[in-house]
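One structure is given here, and the rest of the page talks about it.
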Amino acid sequence: MIRVLGPEVPIAQVVREAQSRGADVTVVPAGSTKAESIDLFAEVLHFPDWFGRNLDALADCLHDYAEELPGEGGGSRHLVWDGVATLRRTHPEGYDDISDVLGEVTADHEGFSVTVLDR
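Printed below as a string of structure tokens:
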């Protein structure tokens with residue numbers, strides 16, 4: 141599941157809600173460009189050295205990340221992509237590309253969800 145929330149929603153609220161459902165929560169800040177955003181995903185989620193810093197590699201690594209759900213059998217992961225307003229406004233294609241990847245990964249992995257904070 142992917143949802144987009146506006147600037148009025150505090151990040152702490154999003155994190156608390158996901159944690160109350162038992163999810164392991166990770167916050168990834170958005171960059172001001174597509175390339176910077178992809179680099180931030182790699183940094184925060186500790187992608188491997190071979191990570192290719194493109195959309196295909198982002199999708200591959202996010203699928204791997206989603207498959208490594210915490211806990212035994214019932215774990216879930218919730219990713220918060222925070223502060224996307226600048227990227228969405230100045231590089232809408234990059235924002236759409238990354239959002240599409242996130243949507244694909246959430247559709248393929250039942251225990252993986254994403255909140256995009258548009259602020």
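The numbering of the sequence shown is this note's numbering, which starts it at 141 and goes up by one.
All C-beta atoms in this analysis are idealised placements derived from N, C-alpha and C, irrespective of residue type, glycine included.
Burial state of residue i (16 or more Cβ within 10 Å)
{"i": "VAL154", "result": "buried"}
{"i": "THR230", "result": "exposed"}
Test item: CB-CB of residue i and residue j under 9 angstroms
{"i": "HIS218", "j": "SER172", "result": "no"}
{"i": "VAL167", "j": "ASP222", "result": "yes"}
{"i": "LEU227", "j": "LYS174", "result": "yes"}
{"i": "ARG259", "j": "VAL220", "result": "no"}
Whole-Å CB distance - residue i paired with residue j, under 8 angstroms assumed
{"i": "GLY243", "j": "ILE142", "result": "5 angstroms"}
{"i": "ALA197", "j": "VAL245", "result": "Contact doesn't hold; Cβ gap of about 13 angstroms is too wide."}
{"i": "ASP164", "j": "GLY234", "result": "That belief does not hold up - the Cβ atoms of ASP164 and GLY234 are roughly 27 angstroms apart, past 8 angstroms."}
Selection from the options that minimises the alpha carbon distance to residue i
{"i": "HIS186", "options": "GLU250, SER160, GLU157 and CYS201", "result": "CYS201"}
{"i": "ILE238", "options": "PRO150, ALA170, GLY146 and LEU145", "result": "ALA170"}
{"i": "GLU207", "options": "ILE151, GLY251, ARG161 and ARG156", "result": "GLY251"}
{"i": "VAL241", "options": "PRO232, LEU195 and PRO210", "result": "LEU195"}
Enumerate, from N- to C-terminal direction, the unbroken beta strand (DSSP E) stretches of 3 or more residues contained entirely within the stretch 144-180.
163-169
With a floor of 3 residues, list each beta strand (DSSP E) that falls wholly inside the stretch 202-243, ordered by position along the chain.
216-222
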